[in-house]
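Note sheet for the following structure.
Residue numbers (UniProt numbering), protein chains in the order written: chain B, 1 to 106; chain C, 1 to 713.
Written as structure tokens, this is what we have:
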């Protein structure tokens, strides 16, 4: 039992540690990147249970801030191959299990 | 008014009939009228159907009474209805007697009916209201006139045509005509119309388009899985941990950085060096293609005409080496590499005291005549160089400013690895020749230099420095005696050339600007073993024969090339200095810049002169005349400065005072070896040398017997 609890603790630790947003790939400039990342975090926290709404919020907000035709995907497991406008891509992990990709392509 | 129009109207209807039936029967109007009447009557006869009963008079007169009643025989008469009023069934008295057998709705409307008016008003909207008013009036008139006209039509046929026509045209035209016109206008015939169309010119259209460049795009693909996310976090976490550690030890971090930088530069160097060899090969391939004909000539061409000329030969120009940076410099020395038979080095400087500038050392290879293999630039004119016979990447060079330097081709640096300064033994005048010597007892490399300041220096290269030692100071004993105040001023001789003996290490020759040739020994710094008044002007080159140990050649600005024999001390004492005469003397009719013994024969040498000619002599063939005298320089006034034989190939390189080096192939006559006996076993090196010495000795013996004859030339 003791071992089990310890393991759990360790797990909890790692999870706690690994909830920060981690930018996996991005070619945005720093300012845009920070803003987009914060937006993603906000959206995912707001709609923690509904990825669709989170993605919609990210997309809408990005459209407003940086012009039309943004696309956002929020999910825990998916594959993608996208064409994006250069300097308009953000691929990040968040919350330890969420992958968010935001890109612009009009 | 009314009757007249009636006639007019009736006439046209009857007219055509008359004409068609009777032709020109104007005269028979009366009779015609009668028959006309009959015709009309006949037209009224009854037509009987075929199946009509034939009845006689009585039958016809019989009366049948038929009564038309309004009662419908088929109508039911026994309809009863329950009457609530009387509370009993009662027969209905009123039965509908009407039976319709056929009904057809017409599409005709009475003109005055409401509906017709409405239609008219709808259709005639476009017509003016005034017209409508007129119409109404006329309608009334027409109603009267129309009825009259029909009557008149029947009656008025009897009247004459002329009358009718006259009446029509004359008094009574207006109302009916006007009526007819207005009527037609009113009832427009929908099927009688014509289209009118016109087309305006279309304005010409012009298309103008432009396409903006789409924003640059890129593709990105990845896969998201929980484990990848986990791994990414894990990795990042570790990185963070590491960076934390680094922050704790800032010193280490810096170290890491510098290391990184170092590796970066290393790799970048690698990138360049990686393609360097490849590009070099490609460059040589291109050059091989470009100069293929020359390469073929170099390898295979032999002047066939030599067979028909006994004692003459030619020089075939091969590659010409010129370098942009050396364009305005003179070639001050040429030197084949002892190790690579296609490689040679030239030094570039200027012989003109007034036009001193920079200098160059250039390495050329026969494999690439278009660009030097490598080159060094110097701030002062390079007057001489020598490639180390064992360590061929070391080059000793002497400069016009009196310094000497050592360059290395393997160490990648632009400047020399050693260069003397005024502090450590630099000459005060131009250095005219440098020559490597065998390594000394401590295995240090060393070389000699000779300069116009009269010093001959030995330079020894130690690990980090170059140390010098004066070997000989040239002086002119006879001039020093001429002090005006009785003061003996030691005047220095100006060394211009030297050459070391091939076998005896200590022995060497020195040529001076005064025309003297000194035979010196390294052992004695103050005096010479022998001294010869060889020339009247500066000696430009002294050179030991490659085979015979006592024979050397000199050339000078006094237009001559002379061959000398070193005599033993005993001989010298016997003969005395003044009586020293050369074995051979050749006048080349211009200042002789350089002379060189051939490496393959003891009797062949070549010389170049300031008028652009190259000479090749073979004493074995002709003791008096050159086998070849050829203009080599491409432009007039170009001086040839130096010449050197290739150690293996039958070719020479010639340098001129415009920075060009020309390679020339010797024709067969110029390199005739001693006639080989056919079938004889190949001779070894020693016997070959022996034979060459014998060959020269044989000629010399002839000359020695009649010295006056030889020198007379």
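Positions of the beta carbon are idealized from the N, C-alpha and C atoms, including for glycine. All values derive from a computational prediction rather than experimental measurement.
**Item:** Straight-line Cα distance separating residue 87 of chain B from residue 118 of chain B
**Value:** One cannot answer for residue 118 of chain B here, as it falls past the ends of chain B, which runs 1 to 106.
**Request:** Compute the Euclidean distance between the alpha carbons of residue 44 of chain B and residue 75 of chain B, then round it to the nearest angstrom.
**Result:** Position 44 of the first chain, counting from 1, holds the residue named residue 44 of chain B. Position 75 of the first chain, counting from 1, holds the residue named residue 75 of chain B. Whole-angstrom Cα-Cα distance: 10 Å.
**Interface flag, residue 45 of chain B vs chain C, CB-CB below 7 Å** = Position 45 of the first chain, counted from the first residue, corresponds to residue 45 of chain B. Not closer than 7 Å to any Cβ of chain C, the Cβ of residue 45 of chain B fails to qualify, so no.
**Asked** Residues in its own chain within less than 6 Å of residue 97 of chain B by CB, not counting five upstream and five downstream?
**Response** For the purposes of this step, residue 97 of chain B is taken as the residue at position 97 of the first chain. Cβ within range, chain order: 76.
**Message:** For residue 51 of chain B, report the span of its beta strand (DSSP E) as first-last.
**Reply:** Within the first chain, residue 51 of chain B is the residue found at index 51, counting from 1. Careful: residue 51 of chain B lies outside any beta strand (DSSP E), inside the alpha helix (DSSP H) at 51-66.
**Item:** chain C contact for residue 89 of chain B (CB, 7 Å cutoff)
**Value:** Translated into the one-based positions of the first chain, residue 89 of chain B becomes position 89. Taking Cβ atoms only, chain C reaches closer than 7 Å to residue 89 of chain B, which makes this a yes.
**Request:** Tell me whether the beta-carbon of residue 531 of chain C lies closer than 7 Å to the beta-carbon of residue 516 of chain C.
**Result:** Residue 531 of chain C sits at position 531 when you count from the first residue of the second chain. Residue 516 of chain C sits at position 516 when you count from the first residue of the second chain. In this structure, residue 516 of chain C lies closer than 7 Å to residue 531 of chain C by Cβ.
**Prompt:** Assuming residue 337 of chain C and residue 359 of chain C make a contact with CB atoms under 8 Å, what is their CB distance in whole Å?
**Reply:** Position 337 of the second chain, counting from 1, holds the residue named residue 337 of chain C. Position 359 of the second chain, counting from 1, holds the residue named residue 359 of chain C. Residue 337 of chain C to residue 359 of chain C, Cβ: 20 Å. No contact.
**Message:** Determine whether the beta carbon atoms of residue 608 of chain C and residue 652 of chain C lie at a separation below 7 Å.
**Reply:** The residue given as residue 608 of chain C occupies position 608 in the second chain. The residue given as residue 652 of chain C occupies position 652 in the second chain. Not a contact, by the Cβ cut-off of 7 Å.
**Message:** Any beta carbon from chain C within less than 7 Å of residue 85 of chain B's own beta carbon?
**Reply:** Reading the first chain from its first residue, position 85 is the one you call residue 85 of chain B. Residue 85 of chain B counts as touching chain C.
**Request:** Look at the Cβ atom of residue 382 of chain C, then the Cβ atom of residue 399 of chain C, and state whether they are nearer than 7 Å.
**Result:** Position 382 of the second chain, counting from 1, holds the residue named residue 382 of chain C. Position 399 of the second chain, counting from 1, holds the residue named residue 399 of chain C. It is a contact, given that the beta carbons lie within the stated cut-off.
**Message:** Less than 8 Å between C-beta atoms, sequence neighbours within five positions excluded: which residues of the same chain meet that for residue 364 of chain C?
**Reply:** Start at 1 with the first residue of the second chain, and residue 364 of chain C comes out as number 364. Contacts found: 321, 343, 344, 345, 346, 372, 373, 661.
**CA-to-CA distance, residue 340 of chain C to residue 723 of chain C, given in whole angstroms** = The displayed coordinates of chain C run from 1 to 713. Any statement about residue 723 of chain C would go beyond what the structure contains.
**Message:** Against chain B, with Cβ distances strictly below 7 Å, would residue 211 of chain C count as a contact?
**Reply:** What you label residue 211 of chain C is simply residue 211 of the second chain in a count that begins at 1. It does not; no Cβ of chain B falls within 7 Å.
**Item:** residue 43 of chain B - containing alpha helix (DSSP H), residue span
**Value:** To locate residue 43 of chain B, count along the first chain from 1; it is residue 43. Segment 30-46, the alpha helix (DSSP H) holding residue 43 of chain B.
**Item:** residue 219 of chain C: contacting residues in chain B (beta-carbon distance under 8 Å)
**Value:** Locating residue 219 of chain C in the second chain gives position 219, counting from the first residue. In chain order: 81, 82, 83, 84.
**Request:** Quick one: list the residues of chain C neighbouring residue 22 of chain B, beta-carbon separation under 7 Å, in chain order.
**Result:** Taking the first residue of the first chain as position 1, residue 22 of chain B is located at position 22. Result: 232, 233, 236.
**Item:** Stretch pair the stretch 421-432 of chain C + the stretch 441-459 of chain C: three plus CB contacts closer than 8 Å
**Value:** yes
**Item:** Interface flag, residue 77 of chain B vs chain C, CB-CB below 7 Å
**Value:** As a first step, residue 77 of chain B must be located in the first chain, where it is residue number 77. At least one chain C Cβ lies under 7 Å of residue 77 of chain B.
**Message:** At the level of alpha carbons, what is the spacing between residue 635 of chain C and residue 612 of chain C?
**Reply:** Your numbering for residue 635 of chain C matches position 635 in the second chain. Your numbering for residue 612 of chain C matches position 612 in the second chain. In a straight line, the C-alpha of residue 635 of chain C is about 8 Å away from that of residue 612 of chain C.
**Asked** Is any beta-carbon of chain C found at less than 7 Å from that of residue 93 of chain B?
**Response** The count along the first chain starts at 1 and reaches residue 93 of chain B at position 93. Yes, because at least one Cβ of chain C sits closer than 7 Å to the Cβ of residue 93 of chain B.
**Prompt:** Who does residue 70 of chain B pair with in a DSSP beta bridge?
**Reply:** By one-based count along the first chain, residue 70 of chain B stands at place 70. Answer is B/104, bridged to residue 70 of chain B.
**Prompt:** Listing by chain order, which chain B residues have their CB less than 9 Å from the CB of residue 243 of chain C?
**Reply:** Position 243 of the second chain, counted from the start, is the residue given in the question as residue 243 of chain C. By Cβ distance, chain B contributes nothing, its closest Cβ being about 15 Å from residue 243 of chain C, past 9 Å.
**Asked** The beta strand (DSSP E) spanning residue 739 of chain C covers which residue range?
**Response** A query on residue 739 of chain C cannot be resolved here, the shown segment of chain C reaching from 1 to 713 and no further.
**Request:** Would you check if the distance between the CB atom of residue 639 of chain C and the CB atom of residue 667 of chain C is smaller than 7 Å?
**Result:** In the second chain, the residue the question calls residue 639 of chain C occupies position 639. In the second chain, the residue the question calls residue 667 of chain C occupies position 667. In this structure, residue 667 of chain C does not lie closer than 7 Å to residue 639 of chain C by Cβ.
**Request:** Using the Cα positions of residue 546 of chain C and residue 600 of chain C, report the straight-line distance between them to the nearest angstrom.
**Result:** Numbered from its first residue, the second chain carries residue 546 of chain C at position 546. Numbered from its first residue, the second chain carries residue 600 of chain C at position 600. Those two C-alpha atoms are separated by around 9 Å.
**Asked** In this structure, does DSSP put residue 300 of chain C in helix, strand or coil?
**Response** As a first step, residue 300 of chain C is located in the second chain; it is residue number 300 there, counting from the start. Three-state result, residue 300 of chain C: helix.
**Asked** Taking buried to mean at least 16 other C-beta atoms within 10 Å of its own C-beta, is residue 197 of chain C buried or exposed?
**Response** Numbered from 1 along the second chain, position 197 holds the residue referred to as residue 197 of chain C. It is exposed - the Cβ of residue 197 of chain C has fewer than 16 other Cβ atoms within 10 Å.
**Message:** Bridge partners for residue 560 of chain C per DSSP, in chain order?
**Reply:** Counting from one through the second chain, the residue named residue 560 of chain C turns up at place 560. DSSP, once it has assigned bridges, lists C/587 as partnering residue 560 of chain C.
**Request:** Return the CA-CA distance between residue 109 of chain B and residue 277 of chain C, expressed in angstroms with no decimal places.
**Result:** With chain B covering 1 to 106 only, the question about residue 109 of chain B has no answer from this structure.
**Message:** Let's test the definition: count the other Cβ atoms within 10 Å of the Cβ of residue 215 of chain C and tell me whether it reaches 16, buried, or not, exposed.
**Reply:** Here residue 215 of chain C corresponds to residue number 215 of the second chain, with the count starting at 1. It counts as exposed.
**Message:** Let me see if you follow: with CB-CB separation under 7 Å, is residue 99 of chain B close to chain C or not?
**Reply:** The residue labelled residue 99 of chain B in the question sits at position 99 within the first chain. Cβ-Cβ to chain C under 7 Å: yes for residue 99 of chain B.
**Message:** Tell me the rounded alpha-carbon separation between residue 306 of chain C and residue 671 of chain C.
**Reply:** Position 306 of the second chain, counting from 1, holds the residue named residue 306 of chain C. Position 671 of the second chain, counting from 1, holds the residue named residue 671 of chain C. Computed Cα separation, rounded: 11 Å.
**Request:** Determine the DSSP secondary structure at residue 446 of chain C, reduced to helix, strand or coil.
**Result:** Working through the second chain from its first residue, we reach residue 446 of chain C at position 446. Here residue 446 of chain C sits in strand by DSSP.
**Request:** Can you pull the chain C residues whose beta carbon is under 8 Å from the beta carbon of residue 25 of chain B, in chain order?
**Result:** To locate residue 25 of chain B, count along the first chain from 1; it is residue 25. Within 8 Å Cβ-Cβ: 220, 222.
**Message:** Under DSSP, the beta strand (DSSP E) around residue 469 of chain C begins and ends at which residues?
**Reply:** Stepping through the second chain from its first residue, residue 469 of chain C is reached at position 469. Residues 466-473.
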